[in-house]
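So the sequence shown is numbered by numbering that gives the first Met the number 0: it starts at 0 and just counts up by one.
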Amino acid sequence: MPHDLPAQPTFAEFYPYYLREHRQRGTRVLHFVGTSLFLLMAGAALVLLRPGLLLAGVVLAYGFAWVGHFFVERNRPATFRYPLLSLRGDFRLYWDLLRGRERFGSAEAP
């Protein structure tokens, strides 16, 4: 468990940790691409009534994200310890990047 988080963190406690684990531009770009592909595949799955596309979207999203963690950021994805908070963090970062509230470049730890 990260030393600065309680055993059961709230999202407000978790999100600064999440951002620290996603500082590098490459990690953020890979997460953004993966989440974009997931959203496209989820939409296609709904429109075409092909649930297999949803599964493919999940695989793509995690694949892109984990490449970012293992090869760019060189850390372990928070998904393994905090799956739901991590998923929420991914969508929050995605939305913040889309709106320009976060940058794709290196981020300072909050």
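Built from N, CA and C at the ideal position, the CB exists for glycine as well.
> Secondary structure at H21, three-state DSSP: helix, strand or coil?
Replying inline: In this structure, H21 counts as coil in the three-state DSSP scheme.
> In terms of alpha-carbon separation, which member of W94, G67 and P82 lies closest to V28?
Replying inline: V28 has its Cα closest to that of G67, out of W94, G67 and P82.
> L47 by DSSP, collapsed to three states: which one?
Replying inline: Of the three classes helix, strand and coil, the one that applies to L47 here is helix, per DSSP.
>> Between L84 and P8, how many whole angstroms is the CB-CB distance? I'm expecting something under 8 Å.
In response: Rounded, the Cβ-Cβ distance is 7 Å, consistent with contact.
>> Quick check on DSSP: helix, strand or coil for P110?
In response: Outside the shown range of the chain (0 to 109) lies residue 110, about which nothing can therefore be said.
>> For a test of the three-state rule: what should DSSP assign to D89, helix, strand or coil?
In response: Of the three classes helix, strand and coil, the one that applies to D89 here is helix, per DSSP.
>> So, with DSSP's three-state summary, where would you put G12?
In response: Sequence check: residue 12 is Glu here, not Gly. If DSSP states are grouped into helix, strand and coil, E12 belongs with the helices.
> Looking only at C-alpha atoms, which of R80, A64 and P5 sits nearest to G25?
Replying inline: The residue from R80, A64 and P5 with its alpha-carbon nearest to that of G25 is A64.
> Quick one: any contact between the region 39 to 48 and the region 68 to 77, if contact means 3 or more CB pairs under 8 Å?
Replying inline: Verdict: no, contact absent.
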